[in-house]
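Q: Take a look at the following structure, please.
Number of protein chains: 2
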Amino acid sequence: MTETDIRPAPTTVEEFRDRLAAISDDLPKRLRQCADYIAANTDRIAVSTVAELALGADVPPSALMRFCQILGFSGFSGMQRLFRDAYAPGWPDYTTRLTNLKENGAGSPSALLAEFVEAGRLSLESLAKAVDEDALAAAVATLIAADTLHIIGLRRAFPVASYLAYAFEKMDIPAMLHDGVGKLDHRHALRPGDVLLAITFAPYSEETLALAQDARERGLDVVAVTDRLTSPLARHASAVLTVPEVDFGAFRSLSATLALAITLAVAVGSGRQGA
Amino acid sequence: MTETDIRPAPTTVEEFRDRLAAISDDLPKRLRQCADYIAANTDRIAVSTVAELALGADVPPSALMRFCQILGFSGFSGMQRLFRDAYAPGWPDYTTRLTNLKENGAGSPSALLAEFVEAGRLSLESLAKAVDEDALAAAVATLIAADTLHIIGLRRAFPVASYLAYAFEKMDIPAMLHDGVGKLDHRHALRPGDVLLAITFAPYSEETLALAQDARERGLDVVAVTDRLTSPLARHASAVLTVPEVDFGAFRSLSATLALAITLAVAVGSGRQGA
DNA sequence: GATAAAATGGAATAAAAATTCCAAAACGCC
DNA sequence: GGCGTTTTGGAATTTTTATTCCATTTTATC
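In order, the protein sequences belong to chains A and B.
If you read the first sequence in this note's numbering, its first letter stands for residue 1, the second for the next number, and so on.
If you read the second sequence in this note's numbering, its first letter stands for residue 1, the second for the next number, and so on.
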């Protein structure tokens with residue numbers, strides 16, 4: 001580090017992140033530790049002291065001070081001010097409300113709702129954290145290039161499949177929902193150039209796996225939405241998207257799966273528009 | 001204030017609020033100011049100094065100190081520690097991740113996903129805040145007392161309806177999904193003692209409204225899941241549940257609606273079990 | 001492997017914040 | 001309106017926290 005990069009301090013959290021990313025490479029060992037720890041714990045800056053953060057990053061306080069100055073602040077206090085001002089906790093009374101709901105007694109409808117809301121929220125958060133961006137991009141690319149989309153998802157995955165069918169229809173994308181009504185077998189509808197979008201979670205639906213295998217054997221691309229990379233569906237798929245859904249009791253929240261589904265739909269929709 | 005109420009300090013935000021509410025009445029002028037300001041700005045305790053809060057409450061710092069001690073803390077630092085620690089969960093780096101996803105560029109699949117995840121989360125939070133507990137309890141009671149459940153929800157509400165049908169089936173509750181396949185009209189299946197569970201959002205589906213009206217005219221109870229109390233569906237309903245769903249772009253996240261749906265299903269399921 | 005430059009750790013210092021204490025003011029009661 | 005009690009404001013003190021500085025170690029270069 002030379003002292004030539006005395007640039008003005010970031011004034012927004014955005015700028016802060018940019019600066020952090022920009023300098024993170026080519027930084028000596030201890031300062032790198034600071035950068036890594038701060039990047040992973042940005043949210044704690046507002047409520048911690050130099051000593052606490054230094055302990056967390058496993059560096060002496062003076063190293064952290066130097067780090068703040070390299071970022072352009074006059075010191076730690078300047079950096080902290082940025083985050084204290086921007087600080088807006090996610091509990092403007094939401095957490096309180098949840099607790100109130102649960103206090104109605106275990107098993108009461110309100111308490112159940114609180115549990116499912118929480119399960120949904122956790123699912124969404126895990127999805128954001130765990131999503132494989134490359135796999136997502138690959139799946140979207142595959143779907144954009146397809147002629148007709150075939151969608152299958154049965155039992156608990158059926159709501160997702162039907163939502164996808166609805167979304168594709170809205171966007172004038174040719175799509176066919178294989179819903180198993182009347183035990184009809186529509187596999188002859190799979191034509192070269194088509195793509196199958198299959199959704200299933202443990203215990204995996206036989207019909208879904210069978211259709212995926214069939215599609216694969218005919219040379220079609222298969223995009224899989226499932227719960228684990230080791231899912232049997234993954235074997236037949238060219239792109240696999242996993243969704244870490246949190247269950248409460250016997251029921252899957254589906255929030256995360258639906259968020260992923262609608263993302264696929266809209267991404268494919270806008271991708272095709274441009275094409 | 002006498003000094004006899006030296007009770008132990010609150011150890012959770014809940015306890016804090018309770019204590020605050022308990023003492024807020026019968027407090028001298030300055031301390032009352034503290035209580036009011038703190039109640040309205042609880043979220044800033046973690047990131048403020050005594051001086052800053054005192055300024056905000058328009059009292060001298062020493063008054064705020066006294067206030068902290070009345071609450072049971074040894075001083076301001078003790079109170080602040082509670083909020084700094086409580087703040088730890090919530091976003092263990094979830095927000096960071098969201099920002100990263102969005103940085104992939106507007107319109108990219110990752111950025112879209114971030115938006116939908118956020119929309120889902122907001123929807124769930126609003127649901128928790130806005131849910132009418134009495135209406136929910138009433139709806140559950142109605143559904144428990146029913147002979148057969150009829151479920152209708154078309155277009156964007158169809159995933160919800162199908163999920164409900166799946167859940168009821170899993171729990172051996174007699175339920176019939178009116179899905180409009182083949183333009184078949186199943187209204188003759190509505191029999192006295194049955195209940196209709198109807199779901200629709202603006203723009204409201206004609207078929208759903210018609211079936212609800214029909215059911216109502218035959219004297220059946222109708223439980224409505226919709227977006228506003230003034231929805232046309234509400235006119236035909238004996239119990240109305242509203243879901244404040246946040247949209248992103250043209251698409252509804254459905255997270256909150258599904259959470260509500262699954263709550264209904266499980267509450268009804270356990271209610272019938274006990275009966 | 002010698003030399004210069006950079007990086008580091010920790011002790012010393014400065015600054016800021018929290019906390020106490022008490023004299024003065026306000027209040028309630030007779 | 002006087003008297004005891006409670007409340008108040010602010011200055012003094014203590015504690016915590018941030019920051020600087022420099023001797024020592026590490027690293028890079030030749």
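Ideal placement from N, C-alpha and C gives every residue a C-beta, glycine not left out.
1. For the alpha helix (DSSP H) that contains G219/A, what are its first and last residues?
2. Kindly indicate the opening and closing residues of the alpha helix (DSSP H) around L197/A.
3. Label T263/B either buried or exposed according to how many other C-beta atoms from any shown protein chain fall within 10 Å of its C-beta, with 16 as the threshold for buried.
4. Closest Cβ-Cβ distance between D5/B and chain A: below 8 Å?
5. So with CB distances below 7 Å, who are the chain A contacts of F251/B?
6. At the 8 Å Cβ level, is P203/B part of the contact set with chain A, yes or no?
7. What span of residues does the alpha helix (DSSP H) with I70/B cover, start to end?
8. For H178/A, count neighbouring Cβ atoms within 10 angstroms of its own Cβ and tell me buried if that reaches 16, exposed if not.
9. Within the 8 Å Cβ cut-off, does G120/B reach chain A?
10. Given a cut-off of 8 Å on the beta-carbon distance, is the pair L197/B and L258/B in contact?
11. Assuming G193/A and A146/A make a contact with CB atoms under 8 Å, what is their CB distance in whole Å?
12. Please list, in chain order, all residues of the same chain as Q317/A whose beta carbon is under 7 Å from its beta carbon, the five residues on each side excluded.
13. Would you call T208/A buried or exposed, if buried means 16 or more other Cβ atoms sit within 10 Å of its Cβ?
14. Could you tell me whether any Cβ in chain B is nearer than 8 Å to the Cβ of Y37/A?
15. Would E206/A be called buried (16 or more neighbouring beta carbons within 10 Å of its own) or exposed?
16. What would DSSP say about L27/A, mapped onto helix, strand or coil?
17. At 8 Å on the CB atoms, spell out the chain A contacts of V140/B, in chain order.
18. Whose CA, out of A119/A, S108/A, L127/A, D43/A, lies closest to the CA of F116/B?
19. What would DSSP say about R252/B, mapped onto helix, strand or coil?
20. Name the chain B residues whose beta carbon is nearer than 7 Å to that of F116/A?
21. Against chain B, does F73/A count as a neighbour if the rule is that its beta carbon must be under 8 Å from one of theirs?
22. Ignore the nearest five residues each way along the sequence and tell me which others in A215/B's own chain have a CB closer than 7 Å to its CB.
23. Going along the stretch 146–162 of chain B in order, which residues come within less than 9 Å of chain A, judged by CB to CB distance?
24. Hey, would you say M176/A sits closer than 8 Å to I199/A, going by beta carbons?
25. Leaving out five residues on either side along the sequence, give the residues of the same chain with a beta carbon under 8 Å from the beta carbon of I38/A.
26. Mind checking T11/B: buried by the 16 CB within 10 Å criterion, or exposed?
27. Quick check on L254/B: buried or exposed, where buried means 16 or more other Cβ atoms within 10 Å of its Cβ?
28. How is the alpha helix (DSSP H) around G78/B delimited, first residue to last?
29. For H236/A, count the other beta carbons within 10 Å of its own beta carbon; 16 or more makes it buried, fewer makes it exposed. Which is it?
30. Just verifying my parser: in three-state terms, what is the DSSP assignment at D247/B?
31. Got a sec: is the Cβ-Cβ distance from A46/B to anything in chain A below 8 Å?
32. What residues in its chain sit with their C-beta under 8 Å from that of D227/B, if we drop five residues either side in the sequence?
33. Put T226/A into one of helix, strand or coil per three-state DSSP.
34. So what does T242/B bridge to, in DSSP terms?
35. Short check: CB of R121/A to CB of L124/B, under 8 Å?
36. On the CB-based measure, 16 or more other CB atoms within 10 Å of its CB, does L229/A come out buried or exposed?
A: Checking against the coordinates, here is how it stands:
1. Counted from its first residue, the first sequence places residue 219/A at position 219. Note, G219/A: premise wrong, no alpha helix (DSSP H); not H, not E.
2. In the first sequence, the residue the question calls residue 197/A occupies position 197. No alpha helix (DSSP H) contains L197/A, which is instead part of the beta strand (DSSP E) from 195–199.
3. On the second sequence, residue 263/B is found 263 positions in, with the first residue counted as 1. Buried: at least 16 other Cβ atoms inside 10 Å.
4. As a working mapping, residue 5/B is identified with position 5 in the second sequence. Low confidence applies to D5/B: its pLDDT is 46, below 50, so where it sits in the model is not reliable, and the reading given next is rough at best. No, D5/B lies away from the interface with chain A (no Cβ there is under 8 Å from its Cβ).
5. Position 251 of the second sequence, counting from 1, holds the residue named residue 251/B. Those within 7 Å of F251/B in chain A are A167, I262, V266.
6. For the purposes of this step, residue 203/B is taken as the residue at position 203 of the second sequence. It does not; no Cβ of chain A falls within 8 Å.
7. Position 70 of the second sequence, counted from the start, is the residue given in the question as residue 70/B. Looking at the DSSP string, the run of the alpha helix (DSSP H) that includes I70/B is 61–70.
8. Indexing the first sequence from 1 puts residue 178/A at position 178. With 16 or more other Cβ atoms within 10 Å, it is buried.
9. Residue numbering aside, residue 120/B sits at position 120 when the second sequence is read from its first letter. True, the Cβ-Cβ gap to chain A drops below 8 Å.
10. Counting from one through the second sequence, the residue named residue 197/B turns up at place 197. Counting from one through the second sequence, the residue named residue 258/B turns up at place 258. Contact: no.
11. Position 193 of the first sequence, counted from the start, is the residue given in the question as residue 193/A. Position 146 of the first sequence, counted from the start, is the residue given in the question as residue 146/A. Contact holds; Cβ gap of about 7 Å.
12. Chain A is shown from 1 up to 275; residue 317/A falls before or after that span and cannot be answered.
13. Taking the first residue of the first sequence as 1, we reach residue 208/A at position 208. That one is buried.
14. In the first sequence, residue 37/A corresponds to position 37, counting from 1. Answer no: the Cβ-Cβ gap between Y37/A and chain B never drops below 8 Å.
15. Residue 206/A sits at position 206 when you count from the first residue of the first sequence. Exposed is the call here.
16. Along the first sequence, one-based indexing puts residue 27/A at 27. Three-state DSSP puts L27/A in coil, outside helix and strand.
17. If you number the second sequence from 1, residue 140/B lands on position 140. Residues of chain A passing the Cβ test: P109.
18. On the second sequence, residue 116/B is found 116 positions in, with the first residue counted as 1. Of the listed residues, the one whose Cα sits closest to F116/B is L127/A.
19. Position 252 of the second sequence holds residue 252/B. Of the three classes helix, strand and coil, the one that applies to R252/B here is strand, per DSSP.
20. On the first sequence, residue 116/A is found 116 positions in, with the first residue counted as 1. Result: A259, I262, T263.
21. Numbered from its first residue, the first sequence carries residue 73/A at position 73. Chain B, which has no Cβ nearer than 8 Å to the Cβ of F73/A, makes this no.
22. The residue given as residue 215/B occupies position 215 in the second sequence. So the qualifying residues of the chain are L190, L196, V222.
23. R155, R156, F158, P159, V160, A161, S162
24. Stepping through the first sequence from its first residue, residue 176/A is reached at position 176. Stepping through the first sequence from its first residue, residue 199/A is reached at position 199. In this structure, I199/A does not lie closer than 8 Å to M176/A by Cβ.
25. Walking along the first sequence from the start, residue 38/A turns up at place 38. Contacts found: L20, I45, L53, A57, F67.
26. Taking the first residue of the second sequence as position 1, residue 11/B is located at position 11. Exposed, by the Cβ-count rule.
27. The count along the second sequence starts at 1 and reaches residue 254/B at position 254. By the neighbour-count rule (16 or more Cβ atoms within 10 Å), L254/B is buried.
28. As a first step, residue 78/B must be located in the second sequence, where it is residue number 78. Counting along the chain, the alpha helix (DSSP H) containing G78/B begins and ends at 76–86.
29. Along the first sequence, read from residue 1 onward, the residue named residue 236/A stands at position 236. With 16 or more other Cβ atoms within 10 Å, it is buried.
30. Residue numbering aside, residue 247/B sits at position 247 when the second sequence is read from its first letter. Reduced to three states, the DSSP call for D247/B is strand.
31. As a first step, residue 46/B must be located in the second sequence, where it is residue number 46. Judged by the 8 Å Cβ criterion, A46/B is in contact with chain A.
32. The residue labelled residue 227/B in the question sits at position 227 within the second sequence. Here the set comprises F201, A202, T242, V243, P244, E245.
33. Against the first sequence, residue 226/A aligns to sequence position 226. Three-state DSSP puts T226/A in a strand.
34. The residue given as residue 242/B occupies position 242 in the second sequence. Paired residue(s): T226/B.
35. Here the question's residue 121/A lines up with position 121 in the first sequence. Here the question's residue 124/B lines up with position 124 in the second sequence. In this structure, L124/B lies closer than 8 Å to R121/A by Cβ.
36. Walking along the first sequence from the start, residue 229/A turns up at place 229. Exposed is the call here.
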